[in-house]
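Below you'll find the structure, written out as structure tokens, and then a few comments.
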Amino acid sequence: MSQAINVLTLRYLNPRRAAVFLPEIHTWTWRGFCLATLLVLLSPLGFAEESVKKPAPTGRVTVEISGIKGEQLMNVQGYLEIRQFNGKAAPSMARLRYLHRAAPEQIQRALQPFAYYKAQVKSELTQTPSGWLARYDITRGPAIKIRKLDLRVTGGGEQDPEFQKALAETPLKVGKRLDQSAYEKLKKRFQALASERGYFDAKLEQHEVRIHLPSDSATIALHLETGERYKLGEVHFNEDKPWISPALLQRYNEIKPEQPYEAADLQQLQGDLSNSDYYKQVEINADPKAARDRVIPVEVKLSPRNPRKYIIGVGYGTDTGARVKAGISGRRINNRGHHYTTELLVSQIKYGIAGEYIIPAGDPRTDAYGLRASYEDEHSDSRNYQAYNIGGYFKYRDDLWIKTYALDYRVERFELTDESPTSTLLIPSVDWTRTFPAELEKRVHPKKGAWLQLRLRGGHDAFLSDTTFLQPLASAKWIRGFDNHSRIIGRLAIGTTYVDDFSQLPTSLRYFTGGDRTVRGYEYAVIAPRDNQNEVVGGKNLNEASVEYEYPIK
């Protein structure tokens, strides 16, 4: 007599796939029960076999994207997670398929900033002899166009030319493709201008982009209420210890009391004081929270540098050979900002010593009076002379030109083929220099710029000079850099000399060229007229031009 028993059994499925067991309730006989029991006892063997993880797919992953290019392609590549394995070993099969399934949505999100909200992606993942190929063919669909544009600046900044310029320059226009990056840039520019130009109560009253997908259109609203513009108050200087007189410090300051706030004016003041070489640290505090009636007090905290700076250097140049330089700069002699420099230079062909005493003039950033003295002795293959020089100068900025007017008294003994005359000259000179940009000379390795110098000097035998001469010179330098850090450098110099007695013109005032600083590929100062014994003696005229390509070797 058979007895029915309710049994929970496990059904084993396709052994080529992962082990799967499904519960079922059946009414079986004793014979069925015994068979079921046998299957249960044997099933762990099958389960254990199927539980072994399938090995990761072999080979490398290649990701191909078609249908887009430029910035859109770059943005998609940045969004696409599967691309992290491009050209690399494939991950597990489950991971690879997951990334492939997620790719279309990621591509669609990546195209939305470019106004494509209906992009269609045809995706395909296939196995190749070398690994796996993931392909994505993109159809961007219609672009969202700007249907309505409401950009507005109200308050004190409504007529501010910088805000007007920002509005005029934005590429956001009705009928044009929606560019969300341009919208974000304009919003950030509004906020930056408000901070930089003293609208500290500014707020964005409305900032939104609404997209209507059925009509493929968008409306943009960006409203900035600037509030009233703050002003800068009086500038107060606070030194750690008395260093420079208040009168001289105020000559660095171009900020007038209650002028409209502009961050660039504060940055200019900070930069000028830092570049003065008087202070190692310059801190400017202009806190809008301390304002009264929207006038912000300006506090400048100054920490002085060491009174003296010591310079020492060792080097080698193809022009000079081995060389050593040493010097001392006195950054501050008194509270009027007077300072001095001394320098000793010794090389295989030349040695000299020079000193200069500098007095700040009207604008201490660029204007100065100076007294100078020097001795130099050169013995090269082309030039042999010993010279003493003492003089003074006045230097100032006139718009974009740095103009220097000088008067020097020079005594020079120089060697020619058959004689060693000594010449005494009182030399007035005018030197105008201009750089593009203005701070070009402060850059260590400029990539772009130009330099122009106009110089005129002379002497007259009626005024403490052994001969009468006039020497105009124009020189220029042009630099153009490239992305690989290489540069093209062009040089041009044209000069002449009008002189009564050329034999009385010292060697240092004659024209020579050749060497690292003029025409590369020639030895130092060997390009010049020669005498009857083929000795280089220097020339009355100069026509010099060179172009060189400079490439750094890493």
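Letter by letter, the sequence shown follows residues 0 to 553 of numbering that gives the first Met the number 0. Using N, Cα and C, we set each Cβ at its ideal position, and we do this for glycine too. Please read all numbers here as calculations on a predicted model, not as lab measurements.
P436 is not bridged by DSSP to any residue. Judged by DSSP secondary structure, F113 falls outside any beta strand (DSSP E); it is assigned neither H nor E. In the three-state reduction of the DSSP assignment, Q503 falls in the helix class. Non-local C-beta neighbours of S373 in its own chain, meaning closer than 6 Å and more than five positions away in sequence, comprise A353 and N388, ordered along the chain. Contact between S545 and R519 holds: CB atoms are separated by about 7 Å, below the 8 Å threshold. When DSSP states are grouped into helix, strand and coil, F162 belongs to the helix group. G354 is bridged by DSSP to T341 and A372. G391 sits close to L406, with the two beta carbons spaced by under 8 Å.
The three-state reading of DSSP puts L399 in coil, since its state is none of H, G, I, E or B. DSSP places V60 within a strand segment (E or B) once states are collapsed to three. Your pair K308 and R330 checks out as a contact, with CB atoms roughly 6 Å apart and the cut at 8 Å. The alpha-carbon separation between E253 and V152 amounts to approximately 30 Å.
Given a length threshold of 3 residues, each whole run of the beta strand (DSSP E) inside the region 252–318 is given here in chain order: 278–284, 294–303 and 307–316. Proximity to E282 across V234, A321 and Q205 peaks at V234, based on C-alpha coordinates. With a 10 Å radius around the Cβ and a threshold of 16 neighbouring Cβ atoms, H211 comes out exposed. For V498, the closest alpha carbon among the candidates I81, S180, T466 and H337 is that of T466. Here V299 is buried, its C-beta having at least 16 other C-beta atoms within 10 Å. By the C-beta density criterion, F189 is buried, having at least 16 other C-beta atoms within 10 angstroms.
Per DSSP, G77 lies in no beta strand (DSSP E); the unbroken alpha helix (DSSP H) holding it starts and ends at G69 to Y78. Distances from the alpha-carbon of P436 to those of A461, K186, Q105 and W477 put W477 closest. Look at K121 here: in three-state DSSP terms it is strand. Rounded to whole angstroms, D366 and L223 show a C-alpha spacing of 43 Å. Closest in C-alpha terms to P213, from the list N533, W131 and Y116, comes Y116. DSSP places F468 in the strand class (E or B) of the three-state scheme.
For Q347, there is no enclosing beta strand (DSSP E), as DSSP gives it neither H nor E. Boundaries of the alpha helix (DSSP H) harbouring A193: Q179 to E195, taken from the DSSP string. Secondary structure of P103 (DSSP, three-state): helix. Shown here, R82 sits in a helix according to DSSP, grouped into three states. Scanning its chain for C-beta atoms nearer than 7 Å, with the 5 sequence neighbours on each side dropped, one finds around Y350 the residues L344 and D376, in chain order. Distances from the alpha-carbon of R509 to those of R490, I401, Y384 and D515 put Y384 closest. In the three-state DSSP reduction, E418 falls in the coil class, being neither helix nor strand. Bounds of the beta strand (DSSP E) holding H211 are K202 to H211. Where F199 is concerned, there is no enclosing beta strand (DSSP E), because DSSP gives it neither an H nor an E. For R134, the enclosing beta strand (DSSP E) stretches over residues G130 to T138.
Burial state of E534 is exposed, judged by a 10 Å Cβ sphere holding fewer than 16 other Cβ atoms.
As computed with DSSP, E411 is found in a beta bridge with A386 and S422.
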